[in-house]
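> Numbering (my numbering), first residue to last: 5 to 290.
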Amino acid sequence: MNFVTRFAPTPSGYLHLGHAFSAWTAWRAACDHDGRFLLRLEDIDTIRSKREFEPVMFDDLIWLGLDWEEPVRRQSDHFDEYAVVLERLKARGLLYRCFKTRSEILDEIARAPHGVGEVYRGPGAAMSADEEAARIAADEPYAWRLSLDRCRDHLGARFGAMRFVEEGASTVKGQGAREVVADPTPLGDVVLGRKDVGTSYHIAVVHDDALQGVSHVIRGEDLFELTPLHVLLQTLLGLPTPIYRHHRLLLDETGKRFAKRDQAATLQAMRESGETSEGLRSIFLR
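1. Applying the 10 Å Cβ sphere with the 16-neighbour rule, what's the burial state of C155?
2. Where does E73 sit, in a helix, a strand or coil, going by DSSP?
3. Determine the closest residue to A27 out of R40, R10, Y205 and E279, with distance taken between C-alpha atoms.
4. Give the list of continuous alpha helix (DSSP H) stretches no shorter than 4 residues that lie fully inside the region 26–99.
5. Give the DSSP-derived three-state secondary structure of E135 in the structure shown.
6. What is the C-beta distance between G180 and R249, in whole angstroms, given that I count them as a contact (C-beta under 8 Å)?
7. Assign R275 to one of three DSSP states: helix, strand, or coil.
8. Reducing DSSP to helix, strand and coil, say where R290 ends up.
9. Among the residues of its own chain, which have a CB less than 8 Å from the CB of T203, if the five just before and after it don't count?
10. From the DSSP output, which residues share a beta bridge with G224?
11. Three or more C-beta pairs closer than 8 Å, one from the region 66–85 and one from the region 123–139: is that the case here?
12. Return the chain-ordered ranges of every alpha helix (DSSP H) run that is complete within the region 130–209 and spans a minimum of 4 residues.
13. Pairing CB atoms from the region 15–33 with CB atoms from the region 231–239, are three or more of them under 8 Å?
14. Comparing the CB of R125 with every heavy atom of the ligand COA, is any distance shorter than 8 Å?
15. Identify the residues that DSSP records as bridge partners of H23: which are they?
16. By Cβ distance, which residues of its chain are closer than 6 Å to G192, with the 5 residues on each side in sequence left out?
17. Out of R77, F168, D134 and I109, state which residue places its alpha-carbon closest to the alpha-carbon of L243.
18. Is Q79 closer than 9 Å to E56 when the C-beta atoms are compared?
19. DSSP beta-bridge partners for F11?
20. Just curious, the alpha helix (DSSP H) that V123 is in, first and last residue?
21. State the beta-bridge partners of R261 as determined by DSSP.
22. State buried or exposed for D212, treating a residue as buried only when at least 16 other CB atoms are found within 10 Å of its CB.
23. Taking T239 as the reference, which of I287, F103 and G164 has the closest Cα?
24. Assuming L150 and V194 are in contact, meaning their beta carbons sit under 8 Å apart, how far apart are those beta carbons, in whole angstroms?
25. Just confirm the distance between the C-beta atoms of A30 and I222, as a whole number of angstroms; I'd bet it's less than 8 Å.
26. Which term fits L99, buried or exposed, when burial requires 16 or more other beta carbons within 10 angstroms of its beta carbon?
27. Going by DSSP in three states, T105 sits in which element: helix, strand or coil?
28. Under a three-way DSSP split, which group does T270 fall into?
29. Consult DSSP for P232 and reduce its assignment to one of helix, strand or coil.
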């Protein structure tokens, strides 16, 4: 198997220490396996994502000692591709329009029985065709949600047989590669697109990983719980399932993971303060 991995930041702010650790971890793995390292910009959120952050990101990664293949894939250039994927799922009857507002969703979750109300699990009864047509005609906003019930019916026994290989230490410490059951049920009926934006992170990442031949997805353990959903989409779309490695997160002195609002932890601030890339990499090896 050719080893191909990637780092896929969102250009909505400056890269911080946590980003650097994730990028370096993936890059080092590619080097260790004589593989390929890709850089992708996940900028489908065109409101939060800003082009002015991109050159600073590139400079930060070069300073860190990383290199990558060109061209860099920018997701906002490929909305038409993601729309095709969404249409494939619609054509199979696996999606439904959800007109509920965020507050209505939260209210419904709060009213759910104990232990069931953490995510949205779909409407109790399907909306009538007449009501749906009327709400579309009224130009109401809506989201396209993936129906887990319809996915179970569509896949049959394959739904419960979904698995992925996990090589990271995100769940059981001290264990090597192992097979994990990919059960998306705890995530509920997730949003895969909206009326005004015909894609979501889930659609874009699954499509791009397959398109770019990514063999190993190396990312933070905070994304581990999303993996069963991505495996479900790969199964529905006939795409290969990569091997996953979910690495530990770097935490600040309070025990919280770094965020883009932590200006002192940005790579730009560290570079300007005289920090060296060698010193930073030594932190990663601890």
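Don't be surprised by glycine CBs; every beta carbon is placed ideally from N, CA and C.
Quick look at the numbers:
1. For this step, residue 155 is matched to residue 151 along the sequence shown. Answer is buried; the Cβ neighbour count reaches 16.
2. Within the sequence shown, the letter at position 69 stands for residue 73. The answer is coil: DSSP assigns E73 none of H, G, I, E or B.
3. The count along the sequence shown starts at 1 and reaches residue 27 at position 23. Sorting R40, R10, Y205 and E279 by C-alpha distance to the C-alpha of A27 places R10 at the top.
4. The region 26–99 contains these whole alpha helix (DSSP H) runs: 57–68 and 83–95.
5. On the sequence shown, position 131 is the one that residue 135 refers to. Residue state, collapsed to three classes: helix.
6. Reading the sequence shown from its first residue, position 176 is the one you call residue 180. Reading the sequence shown from its first residue, position 245 is the one you call residue 249. Between R249 and G180 the Cβ distance is about 11 Å, and since that is not below 8 Å, they are no contact.
7. Counting from 1 along the sequence shown, the entry for residue 275 is found at position 271. In the structure shown, R275 adopts helical secondary structure according to DSSP, grouped into three states.
8. On the sequence shown, residue 290 is found 286 positions in, with the first residue counted as 1. If DSSP states are grouped into helix, strand and coil, R290 belongs with coil.
9. Taking the sequence shown and counting its residues from 1, the one referred to as residue 203 is at position 199. Correct list, in chain order: I48, F83, Y86, A87, V89, L90, L196 and G197.
10. Working through the sequence shown from its first residue, we reach residue 224 at position 220. Looking at the DSSP output, G224 shares a beta bridge with H251.
11. Segments in contact, no.
12. Secondary structure remark: continuous alpha helix (DSSP H) runs of at least 4 residues inside the region 130–209, in chain order: 133–141, 152–159 and 161–164.
13. Short answer: they don't touch.
14. In the structure shown, the ligand COA is absent, as is every other ligand, since no ligand is present at all.
15. On the sequence shown, residue 23 is found 19 positions in, with the first residue counted as 1. Partner(s): none; H23 has no beta bridge.
16. Start at 1 with the first residue of the sequence shown, and residue 192 comes out as number 188. Excluding residues within five positions, the ones whose Cβ falls inside 6 Å are V123, Y124 and R125.
17. Counting from one through the sequence shown, the residue named residue 243 turns up at place 239. Checked all of R77, F168, D134 and I109; the closest Cα to L243 is F168.
18. Locating residue 56 in the sequence shown gives position 52, counting from the first residue. Locating residue 79 in the sequence shown gives position 75, counting from the first residue. No, Cβ-Cβ distance for E56 and Q79 is not below 9 Å.
19. Position 7 of the sequence shown holds residue 11. Bridge pairing for F11: L43 [DSSP].
20. The residue given as residue 123 occupies position 119 in the sequence shown. The continuous stretches of alpha helix (DSSP H) do not include V123, and DSSP gives it neither H nor E.
21. On the sequence shown, residue 261 is found 257 positions in, with the first residue counted as 1. R261 pairs with L255.
22. Residue numbering aside, residue 212 sits at position 208 when the sequence shown is read from its first letter. Burial call: buried.
23. Locating residue 239 in the sequence shown gives position 235, where the first residue counts as 1. Per the Cα distances, G164.
24. Residue mapping note: residue 150 aligns to position 146 of the sequence shown, counting from 1. Residue mapping note: residue 194 aligns to position 190 of the sequence shown, counting from 1. So it is a contact: roughly 6 Å between Cβ atoms.
25. Within the sequence shown, residue 30 is the residue found at index 26, counting from 1. Within the sequence shown, residue 222 is the residue found at index 218, counting from 1. About 4 Å separates the beta carbons of A30 and I222, which is inside the 8 Å limit, making them a contact pair.
26. In the sequence shown, the residue the question calls residue 99 occupies position 95. The residue is buried, with at least 16 neighbouring Cβ atoms inside 10 Å.
27. Numbered from 1 along the sequence shown, position 101 holds the residue referred to as residue 105. Here T105 sits in coil by DSSP.
28. Taking the sequence shown and counting its residues from 1, the one referred to as residue 270 is at position 266. Reduced to three states, the DSSP call for T270 is strand.
29. For the purposes of this step, residue 232 is taken as the residue at position 228 of the sequence shown. Helix at P232.
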